[in-house]
Amino acid sequence: ETGVTQSPTHLIKTRGQQVTLRCSSQSGHNTVSWYQQALGQGPQFIFQYYREEENGRGNFPPRFSGLQFPNYSSELNVNALELDDSALYLCASSLDRANSPLHFGNGTRLTVT
Amino acid sequence: KNEVEQSPQNLTAQEGEFITINCSYSVGISALHWLQQHPGGGIVSLFMLSSGKKKHGRLIATINIQEKHSSLHITASHPRDSAVYICAVSLTDKLIFGTGTRLQVFP
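Taken in sequence, the protein lines are chains V and A. Under the working numbering, the residue at position 112 of the first sequence is numbered 112, and the numbers go up by one with no gaps. In the working numbering, each residue carries its 1-based index in the second sequence increased by 113.
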């Protein structure tokens with residue numbers, strides 16, 4: 001049990017819609033990062049938040065955005081959904097930005113039709 | 114060429130065998146993570162290394178910073194070790210993942 005929870009576990013959306021995925025980090029973990037994992041692929045880094053500010057971003061367009069809140073919860077928002085956004089979205093929390101073990105949630109599986 | 118390369122991509126073993134999974138990277142890193150992912154998606158962090166060697170139960174991870182190479186070893190493998198093992202490297206502002214090694218251990 002990592003103490004990181006994600007909701008919802010599964011979600012179906014239509015192309016063009018917007019979606020918000022949620023992550024509740026372990027208490028005291030100042031850093032949260034989000035990842036996209038397409039079927040059969042390895043995870044891809046979307047972005048990282050440290051103390052409520054984005055401090056690193058992978059190769060994802062601006063329609064992927066996030067928020068981190070003082071209560072150790074965070075959100076991933078995706079606008080104008082595309083079919084290729086169908087994937088497992090994982091969040092991970094850690095104490096610090098670079099040299100801390102990662103604690104992953106079980107992910108949200110998003111299907112875009 | 115990917116910045117993080119893992120080998121092999123797929124690995125089949127008989128229960129009890131010693132297993133090695135390799136990870137090479139081409140960027141400067143602050144740490145390297147070994148992760149385990151079972152079917153269904155959940156990822157568990159096995160090790161975080163910045164130098165030397167770590168051991169946890171039957172698992173051993175080593176890293177050679179000069180050679181930019183890390184290995185994950187599983188001693189006395191068991192069918193419950195069957196999973197995808199992923200190497201990921203931490204940079205200051207992002208994490209880069211390898212493509213994973215799918216391990217199947219048969220009784």
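Glycine is no exception: its CB is placed at the ideal position from the N, C-alpha and C atoms. Keep in mind that this is a model prediction, so the values were computed, not measured.
Item, Value
"Where arginine 51(V) sits in the DSSP three-state scheme", "coil"
"Contact set for alanine 174(A): own chain, Cβ-Cβ below 6 angstroms, skip 5 residues either direction", "Trp147, Phe160, Leu162, Lys167, Leu185"
"Members of the stretch 201–212 of chain A that neighbour chain B once the beta carbon cut-off is set at 9 angstroms", "This model lacks chain B altogether, as its protein chains are V and A."
"Local Cβ density within 10 Å of valine 4(V), reported as buried at 16 or more and exposed below that", "buried"
"is_contact[histidine 103(V), chain A] using C-beta, thresh 8 angstroms", "yes"
"Within chain V, partners of serine 163(A) - CB distance below 7 angstroms", "Asn99"
"Spatial distance of asparagine 77(V) from proline 101(V) (CA atoms)", "25 angstroms"
"Contacts that alanine 174(A) makes with chain V (C-beta to C-beta distance below 7 angstroms)", "By Cβ distance, chain V contributes nothing, its closest Cβ being about 12 angstroms from alanine 174(A), past 7 angstroms."
"Spatial distance of proline 192(A) from histidine 169(A) (CA atoms)", "18 angstroms"
"CB-CB length for tyrosine 35(V) against leucine 90(V), believed under 8 angstroms", "4 angstroms"
"Contacting residues, own chain, Cβ-Cβ under 6 angstroms from histidine 118(A) (five flanking each side not counted)", "The question names histidine, but residue 118(A) is glutamate in the sequence shown. Within the same chain, glutamate 118(A) has close Cβ partners Ser137."
"Sub-8 angstroms separation of leucine 145(A) and serine 183(A) beta-carbons", "yes"
"Endpoints, the beta strand (DSSP E) within which glycine 66(V) is located", "64–68"
"Local Cβ density within 10 Å of glycine 105(V), reported as buried at 16 or more and exposed below that", "buried"
"The stretch 32–63 of chain V: positions lying closer than 9 angstroms to chain A by Cβ", "Ser33, Tyr35, Gln37, Gln41, Gly42, Pro43, Gln44, Phe45, Phe47, Gln48, Asn55, Gly56, Arg57, Gly58"
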